[in-house]
Amino acid sequence: VRVCESVGFGIHSVLGITEPCTGVLRGAFRDRGSLPLWFWPVAGFLLAVVALANFSGNNEVVLGAQAYIATFHIGAMLYHWRLNHHPAVALAPSVYVLFAVIVTALRVNIWTALLGTVACAAVAELLCRMLMTPPECRHALLD
């Protein structure tokens, strides 16, 4: 499971780090500046660090990586929801949240994994509120 996570993060880290030059993510997500421009390279760098930390022999490092994975991907789900994307779009990042729960449950126990995920969701919500500028609300009847 950690290999699947790290392969995905390796790819996504390159996309994040190069985002200010390419605009690929903002274009694909139809994002018109809802996140600060510096967010993408910082997130990309952290995903690269997590991809490597995931293979650590230290249990605490792996669990810290899983906490970041859950927080980041719950944040991605909230990001898509706030951009008014189709609800099915949240399924892609939710797979990584599930992976983080599985890895944590295997290393500690299911209750710690579930409670940790709830804590990560609270942090993700807080970060979304701090970092995201919601898009303008447009109603079809008013256009």
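The sequence shown maps to residues 62 to 204 in our numbering. Glycine included, every Cβ here is placed at the ideal spot set by N, Cα and C.
- Contact between the stretch 140-158 and the stretch 118-126 is not established, with fewer than three Cβ pairs separated by less than 8 Å.
- CA-to-CA, the gap between residue 102 and residue 160 works out to about 24 Å.
- Here the stretch 107-115 makes contact with the stretch 65-75; the two share three or more CB pairs at distances below 8 Å.
- If you check the CB distance, residue 135 and residue 89 do not come in under 8 Å.
- Secondary structure at residue 125: helix, using DSSP grouped into helix, strand and coil.
- Distance from the CA of residue 92 to the CA of residue 105, rounded to the nearest whole angstrom, comes to 17 Å.
- Look at residue 196 here: in three-state DSSP terms it is coil, with no helix or strand label.
- Secondary structure at residue 115: coil, using DSSP grouped into helix, strand and coil.
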